[in-house]
Every structure is written in C-alpha cells, then in structure tokens.
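Trainee: According to UniProt numbering, the stretch in the sequence shown is residues 1 to 265, in order.
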Amino acid sequence: MSSFCRLRRTLITTCVLSRCHYHILMYKTNVRHLCMASNLLKDNVSSNVWLQRQRKDIYVKQAGKENYRCRSAYKLLQINDRFQILKPGHIVIDCGAAPGSWCQVAAQKVNSICSYPSAPKGLVIGVDIQNMAPIDGVHLLQASDFTVKETQCKITEILQGQLADVILSDMAPRATGLKSHNHDIIVGLCFSVLRFSLNVLKEGGTLVCKLWMGGDQPRLENAMNSVFDNVRFVKPDASRDDSAEVFILGRGFKHSLQKHPQENS
Numbered sequence: 001m002s003s004f005c006r007l008r009r010t011l012i013t014t015c016v017l018s019r020c021h022y023h024i025l026m027y028k029t030n031v032r033h034l035c036m037a038s039n040l041l042k043d044n045v046s047s048n049v050w051l052q053r054q055r056k057d058i059y060v061k062q063a064g065k066e067n068y069r070c071r072s073a074y075k076l077l078q079i080n081d082r083f084q085i086l087k088p089g090h091i092v093i094d095c096g097a098a099p100g101s102w103c104q105v106a107a108q109k110v111n112s113i114c115s116y117p118s119a120p121k122g123l124v125i126g127v128d129i130q131n132m133a134p135i136d137g138v139h140l141l142q143a144s145d146f147t148v149k150e151t152q153c154k155i156t157e158i159l160q161g162q163l164a165d166v167i168l169s170d171m172a173p174r175a176t177g178l179k180s181h182n183h184d185i186i187v188g189l190c191f192s193v194l195r196f197s198l199n200v201l202k203e204g205g206t207l208v209c210k211l212w213m214g215g216d217q218p219r220l221e222n223a224m225n226s227v228f229d230n231v232r233f234v235k236p237d238a239s240r241d242d243s244a245e246v247f248i249l250g251r252g253f254k255h256s257l258q259k260h261p262q263e264n265s
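1. Taking 8 Å as the CB-CB limit, is Asn182 close to chain D?
2. Residues in its own chain within less than 6 Å of Pro236 by CB, not counting five upstream and five downstream?
3. Spatial neighbours of Gln142 within its chain, please: CB distance less than 6 Å, with the 5 preceding and 5 following residues excluded, ordered by chain position.
4. Whose C-beta lies closer than 7 Å to the C-beta of Ala175 among residues of the same chain, with five residues either side of it excluded?
5. Quick check on the burial criterion: 16 or more other C-beta atoms within 10 angstroms. Buried or exposed for Ile58?
6. Take the Cβ of Ser112 as the centre, count every other Cβ of all protein chains shown within 10 Å, and call the residue buried at 16 or more, exposed below.
7. Just to confirm, is the Cβ distance from Gly122 to Gly89 under 8 Å?
8. Short of 8 Å in beta carbon distance, which residues of its chain neighbour Ser115, apart from the five on each side in sequence? Order them along the chain.
9. Taking the alpha-carbon positions, what's the Met171 to Cys209 distance?
10. Look at the alpha carbon of Gly161 and the alpha carbon of Cys153, and state the distance between them as a whole number of angstroms.
11. How far does the beta strand (DSSP E) with Phe146 in it extend, from its first residue to its last?
12. Within the continuous alpha helix (DSSP H) that includes Leu77, where are the two ends?
13. Quick one: using the 10 Å Cβ neighbour count with 16 as the cut-off for buried, is Gln104 buried or exposed?
14. Quick one: Cα of Ile185 to Cα of Lys149, how far?
15. Please classify Phe146 as buried or exposed, where buried requires at least 16 neighbouring CB atoms within 10 angstroms.
16. DSSP three-state label for Val105, please.
17. Specify, as a first and last residue, the run of the alpha helix (DSSP H) that Gly64 falls within.
18. Determine, using beta-carbon pairs with one atom in the segment 233-247 and one in the segment 189-202, whether at least three such pairs fall under 8 Å.
19. So what does Lys179 bridge to, in DSSP terms?
20. Can you give me the Cβ contacts of Arg71 inside the same chain, cut-off strictly under 8 Å, excluding the 5 residues immediately before and after it?
21. Since I believe Asp128 is in contact with Gly96 (beta carbons under 8 Å), could you give me their beta-carbon distance rounded to a whole number of angstroms?
22. Just how far apart, CA to CA, sit Met224 and Val92?
23. I'd like the span of the alpha helix (DSSP H) that includes Asn222, first residue to last.
24. In whole angstroms, give me the CA-to-CA distance for Ser118 and Gly214.
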C-alpha cells in the first residue's frame, strides 16, 4: 500500500472517530444539561411550595407583625407559656441561635433589655456558627461552633463564674435525604449540649433541645433522666404537623449528683 493510501485511510479513520467522539460528547453534555435543568426545576418547585406555605402560615405573619426574626419564636413562647421556664433575672444560653428569634424571646422574658426596671435583670448569651445582626440585650458569639471547646470556654468566660438557669438548643444539621443520618447527627448535638450543661447549669435548671424523632430517642431520654428530675418530649403547636421535630425538655437539674450521661448506654 502506498504512503498516500495509508495517509488517506488514517485521515478517514481519524475523521470518523472524531465525529463519534463529538457525538458522544454532545450526548453527555445534553444529558448533563437535562439533569441540571431537572434539578433546577425540582428546586424551583420546592421553592414555590415553600413560598406558598410561608405565605399561608399564621406564625410567619404573626412574626412579621411582632418583629420576631422568624416563626420559631412561637415554639419557645408556647413552651414557656406551658412550663414557665424563663423568668426575670435568669441566665440563658441559646445554642444554635441564628437568626435570633429565640434570643429575642429570652431577652424579653428574663428582662435582659431592662424593659421592667423594678424586675431583676437577666443575661442572654446567643451562640451560632453563622453571623447574626445584633439583638438588644443579647451577648452574641457569632461564627462560633458550639461543639468546639474554644467556643464553650468563651461562654464560661462571659458567665464569669455564674451558672445558667436555662440552656436552649435549636441546633440542627443541614437536612439530607437520609432521615436516620439526620437523626443521628441531631442526637449527637443534643448530647454535646447535655455534656456542656453538666458544668454550667444551675441546680434545678432547665434544658431544652430540638430533636428529630428516631430510634435514638430512648438513649437520649435515659441520659437526660440521669441528671434531671423530670424529662419529657414536647411538640408545640408552632411545630408543623408534618415535621419530625420535637423538643426534649429536662427540668430540675441535679447538679449535686455530678453524674455523666452515657451516650452508649
């Protein structure tokens, strides 16, 4: 075969392969674009559903009228209306505080903003890994991971040797499609708050932690029962019916026992 023929065959083969490669690339690109479009469509549908639900939500409307940063304020208000956990003069630590609605409620109830001059003045410490706008009467620790020892040391420094009356946790991980995984992470956060409370919560104090329902509830409940007189699960009306969210409430902290809850029990 002449050199010309070999070159011609090589060029033809290269051209055919190039065309095939081009079509494969175009196919992959089109599939990728279709997937992206599908995901965007799903996101848009989810966003529209969320927006419609928000517009109809009475607590969203009420929060706007009463200047709370979000509807979750009413979860704490309803828990407090039922159990009277926040009182003037109390020291409160709010873990996972952003955007700040629980801090707003706590500041009002414990009188850290001195709305009632004749009542004792309280202290509210808000901690979150995100940044927040300032809140009257609240000492904020922003961009601070509560689960890190350094952050917990900062909280104890602010307390200046005092003990907290109430520790609140509205912390939650970014939800994934795996409910059991989400549950495991939020239970871990609850245990982190519980361990911290052993050192900073006053005798007779209160702990409130957000939880997503799942198989580890009994383990957390048992650990709470070892250091609190009374433990119960609470679902305020402001928690949506279709949500797995509940709050575990521990009252009557038994500080003198110095017990350490066992995560693996």
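Even glycine gets a Cβ: it sits at the ideal position worked out from N, Cα and C. Treat the numbers as computed from the prediction; the structure is a model and nothing was measured.
Mentor: On the basis of the coordinates in this document:
1. In the structure shown, chain D does not exist; there is a single protein chain.
2. Position 236 of the sequence shown, counting from 1, holds the residue named residue 236. Once the five neighbours on either side are set aside, the close Cβ partners of Pro236 are Lys75, Gln78 and Ile79.
3. Your numbering for residue 142 matches position 142 in the sequence shown. Cβ within range, chain order: Asn131 and Met132.
4. In the sequence shown, residue 175 corresponds to position 175, counting from 1. Within the same chain, Ala175 has close Cβ partners Asn182.
5. For the purposes of this step, residue 58 is taken as the residue at position 58 of the sequence shown. In the assembly as shown, Ile58 is an exposed residue. Its beta-carbon has fewer than 16 other beta-carbons within 10 Å.
6. The sequence position of residue 112 within the sequence shown is 112, counting from 1. Ser112 comes out buried.
7. In the sequence shown, residue 122 corresponds to position 122, counting from 1. In the sequence shown, residue 89 corresponds to position 89, counting from 1. Note that the C-beta distance between Gly122 and Gly89 is below 8 Å.
8. As a working note, residue 115 is residue 115 in the sequence shown. Hits under 8 Å: Gln108.
9. Numbered from 1 along the sequence shown, position 171 holds the residue referred to as residue 171. Numbered from 1 along the sequence shown, position 209 holds the residue referred to as residue 209. So the two alpha carbons sit approximately 8 Å from each other.
10. One-based indexing of the sequence shown puts residue 161 at position 161. One-based indexing of the sequence shown puts residue 153 at position 153. For Gly161 and Cys153, the distance between alpha carbons rounds to 12 Å.
11. The residue labelled residue 146 in the question sits at position 146 within the sequence shown. Element bounds for Phe146: n/a, residue is neither H nor E.
12. The sequence position of residue 77 within the sequence shown is 77, counting from 1. In the DSSP assignment, Leu77 falls within the unbroken alpha helix (DSSP H) covering Ala73 to Phe83.
13. Position 104 of the sequence shown, counting from 1, holds the residue named residue 104. Classification of Gln104: buried, given that the 10 Å Cβ count is 16 or more.
14. The sequence position of residue 185 within the sequence shown is 185, counting from 1. The sequence position of residue 149 within the sequence shown is 149, counting from 1. So the alpha carbons of these two residues sit roughly 18 Å apart.
15. Here residue 146 corresponds to residue number 146 of the sequence shown, with the count starting at 1. Burial call: buried.
16. The residue you call residue 105 lines up with position 105 of the sequence shown. Val105 sits in a helix when the DSSP states are folded into three classes.
17. As a first step, residue 64 must be located in the sequence shown, where it is residue number 64. Residues Ile58 to Lys65.
18. With a cut-off of 8 Å, the segment 189-202 and the segment 233-247 do not count as touching, because too few Cβ pairs lie within range.
19. For this step, residue 179 is matched to residue 179 along the sequence shown. Answer is none; Lys179 lacks a bridge partner.
20. As a first step, residue 71 is located in the sequence shown; it is residue number 71 there, counting from the start. These residues qualify, in order along the chain: Asp57, Tyr59, Val60, Gln62, Ala63, Ser101 and Ala238.
21. Mapped onto the sequence shown, residue 96 falls at position 96. Mapped onto the sequence shown, residue 128 falls at position 128. That belief holds up - the Cβ atoms of Gly96 and Asp128 are roughly 6 Å apart, short of 8 Å.
22. The residue labelled residue 224 in the question sits at position 224 within the sequence shown. The residue labelled residue 92 in the question sits at position 92 within the sequence shown. Between Met224 and Val92, the C-alpha separation is close to 19 Å.
23. Position 222 of the sequence shown, counted from the start, is the residue given in the question as residue 222. Looking at the DSSP string, the run of the alpha helix (DSSP H) that includes Asn222 is Gln217 to Asn225.
24. Sequence index remark: in the sequence shown, residue 118 carries index 118 (1-based). Sequence index remark: in the sequence shown, residue 214 carries index 214 (1-based). When rounded, the distance between both Cα atoms is 45 Å.
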